[in-house]
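In this note's numbering, the protein residues as written are 14 to 356. Ideal placement from N, C-alpha and C gives every residue a C-beta, glycine not left out. In this text, all values refer to a predicted model and were calculated from it rather than measured experimentally. Note sheet for the following structure.
This is the structure in structure tokens:
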């Protein structure tokens with residue numbers, strides 16, 4: 014089973030337990046299909062509290078068919094329009110404290126909206142720290158799942174000072190993988206070396222404008238960010254990061270999402286072109302094979318070549334200075350043109 018499937022199907026079953034799950038969207042790709050699938054796979058015996066600030070509860074789950082899920086709709090509460098304005102902190106804390114001992118799942122569908130309602134990033138971070146403390150202190154494995162987009166708050170929530178363990182799921186448009194394979198000749202593992210792929214993928218994906226250009230630019234289709242695209246056509250890439258898991262370090266992988274379930278990257282129709290191109294490159298004959306002479310150097314030849322001094326590596330760093338010293342050229346002598354004038 015893939016890492017993403019393990020998280021979706023049994024998030025509390027990972028050893029050691031990971032109480033904090035961050036689901037990250039961007040303007041180029043939504044992560045909501047993963048959030049919906051995660052909620053639908055929660056165990057019926059586990060109490061789940063869903064706090065909605067951006068989408069109505071009906072867009073995330075069918076509450077009528079899930080008696081273990083209690084949804085709270087805060088989408089109609091807007092600071093400056095409600096008089097008097099009452100922040101959601103006390104109500105959320107009261108709802109969590111009212112749940113009997115045992116396993117508990119707490120979901121917030123938009124930390125960006127909640128942070129805006131609270132008035133500042135430090136207040137939002139302090140509130141999340143309190144929520145995580147309540148969740149982690151329960152007698153049974155419990156989860157705090159937060160959805161948000163890249164922001165100063167995201168940088169704080171991923172720090173080890175908040176939680177030494179972390180499950181971080183980030184949705185990316187498939188165009189990133191296609192572009193990196195074409196422009197940088199770099200394929201995701203296992204098709205290519207993991208070190209090379211992540212050294213290119215991570216800094217590229219962190220530049221939000223690059224993803225937006227690939228999706229909404231002249232060559233993009235502009236559909237990757239649609240939140241409720243039909244299940245049959247919905248495809249995107251998921252970057253999975255687990256910190257403090259079974260390997261006691263940081264485990265990172267990239268997987269696919271097709272329809273409404275996780276899948277292998279090679280199952281995505283939008284990425285078929287890069288696998289076809291790679292097979293053609295692997296099948297291309299090596300021009301150095303079947304020749305009548307050896308083009309490779311022996312170890313002693315490699316060593317001798319490495320010891321040859323290069324002109325620009327000598328003291329002074331100027332090629333013509335090297336030439337003057339080794340070929341007895343005196344550049345101080347006057348030079349004359351074809352008319353006999355000194356130049």
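Exercise. How many angstroms separate the CA atom of residue 239 from the CA atom of residue 43?
Worked result: Only weak support exists for where residue 239 lies, its pLDDT of 42 falling under 50; the value from the coordinates is given anyway. The alpha-carbon atoms of residue 239 and residue 43 are separated by roughly 7 Å.
Exercise. Are there three or more Cβ pairs, one per stretch, closer than 8 Å when the region 164 to 182 is compared with the region 33 to 48?
Worked result: Touching, yes.
Problem set entry | Close-in-space but distant-in-sequence residues of the same chain around residue 197 (CB under 8 Å, 5 per side omitted) | The residues are 213.
Exercise. Could you give the C-beta distance for residue 108 and residue 85, rounded to a whole number, given that I count them as a contact under 8 Å?
Worked result: 7 Å
Exercise. Which class does residue 189 belong to by DSSP, given the choice of helix, strand or coil?
Worked result: helix
Exercise. DSSP beta-bridge partners for residue 271?
Worked result: 248 and 274
Problem set entry | CB contact flag (residue 211, residue 46, <8 Å) | no
Exercise. For residue 217, which option in 205, 199 and 58 has the closest C-alpha, if you only look at C-alpha atoms?
Worked result: 199
For this session: Check each candidate in 160, 118, 111 and 150 and name the one with the smallest Cα separation from residue 128.
Result: 160
For this session: Pull up the CB-CB distance for residue 118 and residue 156, whole angstroms please, since I reckon it's below 8 Å.
Result: 5 Å
Exercise. So, helix, strand or coil for residue 117, using DSSP?
Worked result: Looking at residue 117 - three-state DSSP - the assignment turns out to be strand.
Exercise. How many Å lie between residue 112 and residue 60 at the Cα?
Worked result: 8 Å
Exercise. Under 8 Å between the Cβ atoms of residue 162 and residue 38?
Worked result: Their beta carbons are under 8 Å apart, which means residue 162 touches residue 38 by this criterion.
For this session: Could you tell me whether the Cβ atoms of residue 176 and residue 131 are closer together than 8 Å?
Result: no
For this session: Return helix, strand or coil for residue 86, following the three-state DSSP convention.
Result: strand
For this session: Within the same chain, show all residues whose beta-carbon is closer than 7 Å to that of residue 70, passing over the 5 residues directly before and after it, in chain order.
Result: 63, 76, 84 and 86
For this session: Specify the secondary structure class of residue 358 as computed by DSSP and reduced to three states.
Result: Any property of residue 358 remains undetermined from this structure, which presents the chain solely from 14 to 356.
Problem set entry | Straight-line gap, residue 221 to residue 40 (C-alpha atoms, nearest Å) | 8 Å
For this session: Could you spell out the range, first to last residue, of the alpha helix (DSSP H) harbouring residue 102?
Result: 102 to 111
Exercise. Per DSSP, what kind of secondary structure is residue 68 in: helix, strand or coil?
Worked result: coil
For this session: Whole angstroms is fine: what's the gap from residue 242's alpha carbon to residue 123's?
Result: Caution applies to residue 242, whose pLDDT of 44 falls short of 50 and renders its modelled position unreliable; the value that the coordinates give is listed next. Whole-angstrom Cα-Cα distance: 19 Å.
Exercise. Roughly how many whole angstroms lie between the Cα atoms of residue 320 and residue 310?
Worked result: 14 Å
Problem set entry | Whole-angstrom distance between residue 50 and residue 274, CA atom to CA atom | Note on geometry: alpha-carbon atoms of residue 274 and residue 50 lie some 8 Å from one another.
Exercise. When we look at the beta-carbon of residue 170 and count the other beta-carbons within 10 Å, is it buried (16 or more) or exposed?
Worked result: buried
For this session: Starting from residue 37, follow its DSSP beta bridges and name the residues at the other end.
Result: 161 and 183
For this session: Pick helix, strand or coil for residue 23, following the three-state DSSP scheme.
Result: coil
For this session: In angstroms with no decimal places, state the Cα-to-Cα distance between residue 328 and residue 262.
Result: For residue 328, the predicted structure reports a pLDDT of 47, less than 50, and the residue's modelled location is therefore unreliable. The matter cannot be settled from this model.
Problem set entry | Nearest residue (CA-CA) to residue 247, options 165, 136 and 185 | Taking each of 165, 136 and 185 in turn and checking the Cα distance to residue 247, the smallest one comes out for 185.
Exercise. In three-state DSSP terms, what is residue 213?
Worked result: Correct three-state label for residue 213: helix.
Exercise. Helix, strand or coil for residue 73 per DSSP?
Worked result: In the structure shown, residue 73 sits in coil (DSSP, three-state: anything other than H, G, I, E or B).
Exercise. Between which two residues does the alpha helix (DSSP H) carrying residue 143 extend?
Worked result: Boundaries of the alpha helix (DSSP H) around residue 143: 134 to 149.
Exercise. If residue 153 and residue 116 are in contact, beta carbons under 8 Å, what's the gap, nearest whole angstrom?
Worked result: At roughly 4 Å, the Cβ-Cβ gap stays under 8 Å, so residue 153 and residue 116 are in contact.
Exercise. Are the Cβ atoms of residue 74 and residue 53 separated by less than 8 Å?
Worked result: yes
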